[in-house]
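See the structure below:
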């Protein structure tokens with residue numbers, strides 16, 4: 004896995020964790036494009052850091068994104 008970082012989008016803070024192809028063992032649906040992120044494809048896991056329901060709720064609401072989709076969101 005890569006280094007987790009904090010990014011801001013539309014005034015909200017997000018935690019962004021890169022997932023390497025070797026660590027990507029499940030398939031997910033990208034919320035940016037609606038396309039599949041197949042197992043074995045490097046991607047990003049993203050979650051809000053400042054949600055009103057707290058850290059546990061933010062982490063539970065994390066989503067898996069194609070890197071390109073996140074950059075252009």
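Residue numbers (this note's numbering): 4 to 76.
We put the beta carbon where it would ideally sit given N, CA and C, even for glycine.
All values derive from a computational prediction rather than experimental measurement.
Straight-line gap, residue i to residue j (C-alpha atoms, nearest Å)
i: residue 37; j: residue 12; result: 19 Å
i: residue 8; j: residue 18; result: 6 Å
i: residue 76; j: residue 33; result: 11 Å
i: residue 40; j: residue 27; result: 9 Å
i: residue 51; j: residue 23; result: 21 Å
i: residue 61; j: residue 20; result: 14 Å
i: residue 74; j: residue 66; result: 14 Å
Member of the options whose CA lies at the smallest distance from the CA of residue i
i: residue 35; options: 24, 14 and 48; result: 48
i: residue 15; options: 55, 6 and 46; result: 55
i: residue 44; options: 10, 25, 72 and 74; result: 25
Reduced DSSP category for residue i - H, G, I as helix; E, B as strand; rest coil
i: residue 60; result: helix
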